[in-house]
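Below: one structure, written as structure tokens.
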Amino acid sequence: MSKKTKEKKAKKEKKAEDQETQILEQEEVDNQENGDSLIEDELSEAKDKYLRLYSEFENFRRRTAKEKLDLISTANKDLMSELVPVLDDFERAITASDANEDFKTLKEGISLVHNKLNKILNLKGLKKMDVKKGDAFDDEKHEAITQIPANKKLEGKVVDVVEAGYTLGETVVRFAKVVVGAKQ
1031 MSKKTKEKKA
1041 KKEKKAEDQE
1051 TQILEQEEVD
1061 NQENGDSLIE
1071 DELSEAKDKY
1081 LRLYSEFENF
1091 RRRTAKEKLD
1101 LISTANKDLM
1111 SELVPVLDDF
1121 ERAITASDAN
1131 EDFKTLKEGI
1141 SLVHNKLNKI
1151 LNLKGLKKMD
1161 VKKGDAFDDE
1171 KHEAITQIPA
1181 NKKLEGKVVD
1191 VVEAGYTLGE
1201 TVVRFAKVVV
1211 GAKQ
């Protein structure tokens, strides 16, 4: 073999080795990019999962905090519901004793007990609803016991309050029992 042929052959082999090296380097880069892509995908999925869990936890925390506040504000609702009829009885006794002056001291005693009970209930958050004749009927606060024919001015409005309504904070303990005016 001649020197030129050997040089050509060596150049061809070198060129083939260079091409092979380039191909191997390209494959390494491709593999690394694929690996990077997989890692990025896994990272993205982990971030999404984290954000969903974080949002879910924040919603849970807010919901339980609200439920806790609601529980605290209405913890005495059952007690108040049981005491409201006692309050009603006191009011009826006071009204009935108005007609008879002989029982003036009895009336004063009942009034004192009524006022004391009322004060305690008010301190615990029980408030009497302010409902009077002529107020618009509101099914969020009122319970219609009956309807009676009324003039146009009182149609759909409270004609009479049979029993007062009470709230504990913002929660209705007992709806006001009312008579509502109807069309004649």
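Residue numbers (the working numbering): 1031 to 1214. A virtual CB, placed ideally from N, CA and C, is assigned to each residue, including glycine.
DSSP beta-bridge partners for Y1196?
Answer by DSSP bridge pairing, in chain order: K1158, R1204.
Might you give, ordered along the chain, the residues of its own chain that have their beta carbon closer than 6 Å to the beta carbon of K1077, omitting 5 neighbours on each side?
Same-chain partners within the cutoff: there are none.
Between the beta-carbon of D1128 and the beta-carbon of K1163, is there less than 8 Å?
Contact flag unset, no.
For A1206, does the count of other Cβ atoms within 10 angstroms reach 16, so buried, or fall short, so exposed?
With 16 or more Cβ atoms within 10 Å of its Cβ, A1206 is classed as buried.
Can you tell me whether V1114 is buried or exposed? The criterion is at least 16 other CB atoms within 10 Å of its CB, across all chains shown.
V1114 comes out buried.
To the nearest whole angstrom, what separates the beta carbons of H1172 and V1208, a pair I think is in contact under 8 Å?
5 Å between Cβ atoms; contact.
Could you spell out the range, first to last residue, of the beta strand (DSSP E) harbouring A1174?
Counting along the chain, the beta strand (DSSP E) containing A1174 begins and ends at 1172-1179.
Label V1192 either buried or exposed according to how many other C-beta atoms from any shown protein chain fall within 10 Å of its C-beta, with 16 as the threshold for buried.
Exposed, since its Cβ has fewer than 16 Cβ neighbours within 10 Å.
I1124 and K1137 - do their beta-carbons sit closer together than 8 Å?
Yes, the pair counts as a contact, with Cβ atoms nearer than the cut-off.
What does the Cβ neighbour count give for Y1196, buried or exposed, with the cut at 16 atoms within 10 Å?
That one is buried.
What number of angstroms, rounded off, separates the C-alpha of E1200 from the C-alpha of A1105?
Between E1200 and A1105, the C-alpha separation is close to 13 Å.
Using a 10 Å radius around the Cβ and a threshold of 16 neighbouring Cβ atoms, would you call G1186 buried or exposed?
So G1186 ends up on the exposed side.
Can you tell me whether DSSP reads A1095 as helix, strand or coil?
Helix, per DSSP.
Please tell me whether A1174 and V1203 are closer than 8 Å, where the distance is taken between their beta carbons.
Contact flag unset, no.
Quick one: what does DSSP say G1164 is sitting in, helix, strand or coil?
Of the three classes helix, strand and coil, the one that applies to G1164 here is coil, per DSSP.
Express the C-alpha separation of E1075 and D1108 in angstroms, rounding to a whole number.
When rounded, the distance between both Cα atoms is 49 Å.
CB-CB under 8 Å to E1170, same chain, minus the five flanking residues each way: which ones, in chain order?
Correct list, in chain order: V1202.
Could you please give the first and the last residue of the uninterrupted alpha helix (DSSP H) stretch that includes N1148?
Where N1148 is concerned, the enclosing alpha helix (DSSP H) stretches over 1134-1153.
Provide the residue span of the alpha helix (DSSP H) that contains A1105, from first to last.
Where A1105 is concerned, there is no enclosing alpha helix (DSSP H), given that its DSSP letter is neither H nor E.
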